[in-house]
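Chemist: Below: one structure in structure tokens.
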Amino acid sequence: MSLEQLANELLLEVFDYLDCLTIFRAFYGLNYRFNQLIILQIQKFDLDFRLVPKCSFDLFCQQHLPLLKTRIVSLHLSNEINIPELPDSFRSYGHRMNQFIILKFLSISCYSINMLRRILTECHNLSYLARLHIHTTNYDSMEDHYRYLIEAIWTLPHLTHCQIDVLYSSSAWFSSMSTVSTSIQNLSTSGTSYSLTTLCNLLDHTPNLKQLEVGHVTVTDDAPLAVTFPSLRSLRLICDTSIRSIQPFFQIIPNLCDLTVHVSNIESNGSVWEQIFVDYLKNIKTFRLVMNIQFGSYHDDFYEMKVEQLFNSFRSDFWLKKRQWFIRCDTYQINTKDICLLYTLPYPFETFSYIGNSRSKSTSPHPFNLTDYSQVRTLEHVRNNPCTVINGFTFIPIRCDNIRHLKLKFPIDEHFDSIILTLNYLISLDVILYEDEDYHQLQRLLQRAPHLRQLKFCHPGKFSMASFNLFSPSIRQLDFFQTSGFRLRYFSSTECALFVDLPLAVQCEILTMDVRNRTDIVKLINAMPNLQAMNVHCQDGITCADRTIKIHDDLIEWLHKHLSSDCSYTIVRQGYTNIPLINISINRQK
Numbered sequence: 001m002s003l004e005q006l007a008n009e010l011l012l013e014v015f016d017y018l019d020c021l022t023i024f025r026a027f028y029g030l031n032y033r034f035n036q037l038i039i040l041q042i043q044k045f046d047l048d049f050r051l052v053p054k055c056s057f058d059l060f061c062q063q064h065l066p067l068l069k070t071r072i073v074s075l076h077l078s079n080e081i082n083i084p085e086l087p088d089s090f091r092s093y094g095h096r097m098n099q100f101i102i103l104k105f106l107s108i109s110c111y112s113i114n115m116l117r118r119i120l121t122e123c124h125n126l127s128y129l130a131r132l133h134i135h136t137t138n139y140d141s142m143e144d145h146y147r148y149l150i151e152a153i154w155t156l157p158h159l160t161h162c163q164i165d166v167l168y169s170s171s172a173w174f175s176s177m178s179t180v181s182t183s184i185q186n187l188s189t190s191g192t193s194y195s196l197t198t199l200c201n202l203l204d205h206t207p208n209l210k211q212l213e214v215g216h217v218t219v220t221d222d223a224p225l226a227v228t229f230p231s232l233r234s235l236r237l238i239c240d241t242s243i244r245s246i247q248p249f250f251q252i253i254p255n256l257c258d259l260t261v262h263v264s265n266i267e268s269n270g271s272v273w274e275q276i277f278v279d280y281l282k283n284i285k286t287f288r289l290v291m292n293i294q295f296g297s298y299h300d301d302f303y304e305m306k307v308e309q310l311f312n313s314f315r316s317d318f319w320l321k322k323r324q325w326f327i328r329c330d331t332y333q334i335n336t337k338d339i340c341l342l343y344t345l346p347y348p349f350e351t352f353s354y355i356g357n358s359r360s361k362s363t364s365p366h367p368f369n370l371t372d373y374s375q376v377r378t379l380e381h382v383r384n385n386p387c388t389v390i391n392g393f394t395f396i397p398i399r400c401d402n403i404r405h406l407k408l409k410f411p412i413d414e415h416f417d418s419i420i421l422t423l424n425y426l427i428s429l430d431v432i433l434y435e436d437e438d439y440h441q442l443q444r445l446l447q448r449a450p451h452l453r454q455l456k457f458c459h460p461g462k463f464s465m466a467s468f469n470l471f472s473p474s475i476r477q478l479d480f481f482q483t484s485g486f487r488l489r490y491f492s493s494t495e496c497a498l499f500v501d502l503p504l505a506v507q508c509e510i511l512t513m514d515v516r517n518r519t520d521i522v523k524l525i526n527a528m529p530n531l532q533a534m535n536v537h538c539q540d541g542i543t544c545a546d547r548t549i550k551i552h553d554d555l556i557e558w559l560h561k562h563l564s565s566d567c568s569y570t571i572v573r574q575g576y577t578n579i580p581l582i583n584i585s586i587n588r589q590k
């Protein structure tokens, strides 16, 4: 049976699993019946502009979106590499947030605070907007702009769930809040550090908050915490000091049921936590803990004693019988420093670093339960030298079968295949290679990942482009030498000429590569038929930092003059660093 033979009701059920752009790209225009179903019968659309080609974005905004605004329930606007400054482009077509009258969820990534404020102002009259996710960067030194942004969010009348991701954020934005939100119940500001006073001020202006995720919590003063916050039920936080120092905060959230904590202080042991639960958090039902402790270069006997004491503090009847909260302790050594990683089971976070040659011990009656890591989505696998052997600690295997993002240093050790039996869900891979022999292992790994989209590649040794003759039919994005510590690595004209003939270059849609000469930017774009966007640093003989900005403005003008007139381009500079990043978006359907 073909798809066209399905009844309209079944086709509409199929469309329920697809986002708006996919529906239009796959079905709109095939025939009159499909067009009528899409335009007249589908009442709600999810619209996601992430990783959309510029030509598809322009076409949809011009021709289709004007007819669908009143049926969009979720919207993703993001500054992606293929469409720089997307929110600005979106608004340039006349689209405004107050036109999306049934919008329930808005996700926006934007580096302009003024643009964010304009968008949020347009959201005030949206009766159904309940969920908001904002991603931005605190490059602006004018703190008042960010305070106004927070106030704009807190005045959204129907908002219940809010996630604010700000690079280089500041808790000062929450210290002088004047607006109270009675609607927000779930809040995540995981990148923001708070003092206890500022954290209490945030809770005071969000009185019905039930779930809260914050970054680091520190103690900067001894001001008494007199007010209680009975509504808070779930809390996630990071604490670098002793957990005793934030104990006063636990006293004012008596109804907490769910607690997730990342600490790096050995004094926050099982006995301390047990006392906190008994004295203050009597309603706790779920507890998740990760402790990452560096011991420095201590004598082996001292290190072994401290690890044993920490491990045994989680073996009381409270942990093993009353609560049945079990932990695992991994020990390893990095740069001559002994490390102890202790966490509750199952492992509570989506990101995990597996260190080779680690030795482990668990209080669980089932230490080989391979489902304990099913929540992990991002895995870093690091080879390592043998660590200090502690009595009773041994190799305990783990298994991560739901990995979306993987970071590796080659060569891979003998345990890798047992850790990840399937790479069917892998979409991005970040690798560092040191020897030419590592390419064989990398190619075998690529063959196991049928849905891999992005490859981040670094070879800090003697790199040869001829060795990069890899094959993967699914890869569409390549990032060369962007790993911190190895940038910048400028590719020569000869290397660029070799690269464009490789299979991965032919199918590549998004490329990040730094080049020596500006002419190579033009050659790469002309020779890569599927390229939609390019991020590039261009060395081009620049030696004077004071002249960088002017020279790169000239570079943008030069590119507009020398790029092929068969395509249209959007070229912007990202940042004002010594050698700024140039972002080029390519529309091949001019």
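Count the sequence shown with full-length UniProt numbering and you get residues 1 to 590, in order.
Using N, Cα and C, we set each Cβ at its ideal position, and we do this for glycine too.
None of these values were measured; they are calculated from a predicted model.
List, from N- to C-terminal side, the beta strand (DSSP E) runs of 3 residues or more that fit wholly inside the stretch 395-449.
Modeler: 405-409 and 428-432
Chemist: By the 10 Å Cβ neighbour count, where 16 or more other Cβ atoms means buried, how is T336 classified, buried or exposed?
Modeler: exposed
Chemist: Excluding the five sequence neighbours on either side, which residues of its own chain have a C-beta within less than 6 Å of the C-beta of R147, listed in chain order?
Modeler: W173.
Chemist: Take the Cβ of P53 as the centre, count every other Cβ of all protein chains shown within 10 Å, and call the residue buried at 16 or more, exposed below.
Modeler: buried
Chemist: Which two residues bound the contiguous alpha helix (DSSP H) that contains residue 591?
Modeler: Here the chain covers residues 1 to 590 and nothing more, so residue 591 does not appear.
Chemist: Considering only residues of the same chain and omitting the five flanking positions on each side of N292, which have a CB-CB separation below 6 Å?
Modeler: The answer, listed in chain order, is S264 and L341.
Chemist: Going by other Cβ atoms of all chains shown within 10 Å of its Cβ, with 16 needed for buried, is L67 buried or exposed?
Modeler: L67 should be labelled exposed.
Chemist: Identify the continuous alpha helix (DSSP H) that holds R117 and give its terminal residues.
Modeler: I113 to E122
Chemist: So, does the stretch 558-568 touch the stretch 90-101, judging by three or more C-beta pairs under 8 Å?
Modeler: Between the stretch 558-568 and the stretch 90-101, the count of C-beta pairs closer than 8 Å stays below three; the two stretches do not touch.
Chemist: Rounded to a whole number of angstroms, what is the C-alpha to C-alpha distance between residue 594 and C162?
Modeler: In the structure displayed, the chain extends from 1 to 590; residue 594 sits before or after that span and is not available.
Chemist: Measuring alpha carbon to alpha carbon, tell me which of L581, M528 and R573 ends up nearest V536.
Modeler: L581
Chemist: Taking the alpha carbon of E85 as the reference point, which residue from I586, C329 and V572 has its own alpha carbon closest?
Modeler: V572
Chemist: Please classify T228 as buried or exposed, where buried requires at least 16 neighbouring CB atoms within 10 angstroms.
Modeler: exposed
Chemist: Closest to W154 by CA distance: which of A130, Q441, H135 and T70 is it?
Modeler: A130
Chemist: Note down the Cα distance separating I266 from I238, rounded to an integer number of angstroms.
Modeler: 14 Å
Chemist: State the DSSP-derived secondary structure class of Q99, mapped to helix, strand or coil.
Modeler: helix
Chemist: On the DSSP letters alone, give me the boundaries of the beta strand (DSSP E) that L106 sits inside.
Modeler: Per DSSP, L106 belongs to the beta strand (DSSP E) from F105 to S109.
Chemist: Output the distance between the C-alpha atoms of K69 and I510, rounded to the nearest integer angstrom.
Modeler: 29 Å
Chemist: Which stretch, first to last residue, makes up the beta strand (DSSP E) that contains E213?
Modeler: First-last of the beta strand (DSSP E) with E213: Q211 to T218.
Chemist: When you compare only the Cα positions, how much space is there between V14 and M177?
Modeler: 46 Å
Chemist: Taking the alpha carbon of L445 as the point to measure from, which residue in L429, P367, A497 and Q185 has its own alpha carbon closest?
Modeler: L429
Chemist: Can you give the Cα-Cα distance for H415 and L478, rounded to whole angstroms?
Modeler: Straight-line Cα distance between these residues: approximately 27 Å.
Chemist: Secondary structure at N535, three-state DSSP: helix, strand or coil?
Modeler: strand
Chemist: Using 7 Å as the threshold, is the C-beta distance between I396 and S418 below it?
Modeler: The criterion of a C-beta distance shorter than 7 Å is not satisfied by I396 and S418.
Chemist: Round the Cβ separation of C61 and F90 to the nearest angstrom and send it over; I've been treating them as touching at under 8 Å.
Modeler: 7 Å
Chemist: Measuring CA to CA, which of L408, L310 and P529 is closest to Y354?
Modeler: L408
Chemist: Considering Cα atoms alone, identify which of A466, A7 and L199 is closest to L235.
Modeler: L199
Chemist: Measuring CA to CA, which of Y347, W273, F393 and L310 is closest to Y332?
Modeler: For the residues Y347, W273, F393 and L310, the minimum Cα distance to Y332 belongs to F393.
Chemist: Between Y280 and Q251, how many whole angstroms is the CB-CB distance? I'm expecting something under 8 Å.
Modeler: 5 Å
Chemist: In the DSSP assignment, what are the bridge partners of N587?
Modeler: S568
Chemist: Could you check the C-alpha separation between N312 and T260 for me, to the nearest Å?
Modeler: 21 Å
Chemist: Please go through the same chain and pick out, in chain order, the residues whose beta-carbon is closer than 6 Å to the beta-carbon of F249, but skip the five residues on each side of it.
Modeler: L196
Chemist: Quick check on C257: does DSSP put it in helix, strand or coil?
Modeler: coil
Chemist: Using the C-alpha atoms, what's the distance from T378 back to D88?
Modeler: 32 Å
Chemist: The beta strand (DSSP E) that contains D46, what's its start and end?
Modeler: F45 to D48
Chemist: Short check: CB of D553 to CB of R518, under 7 Å?
Modeler: no
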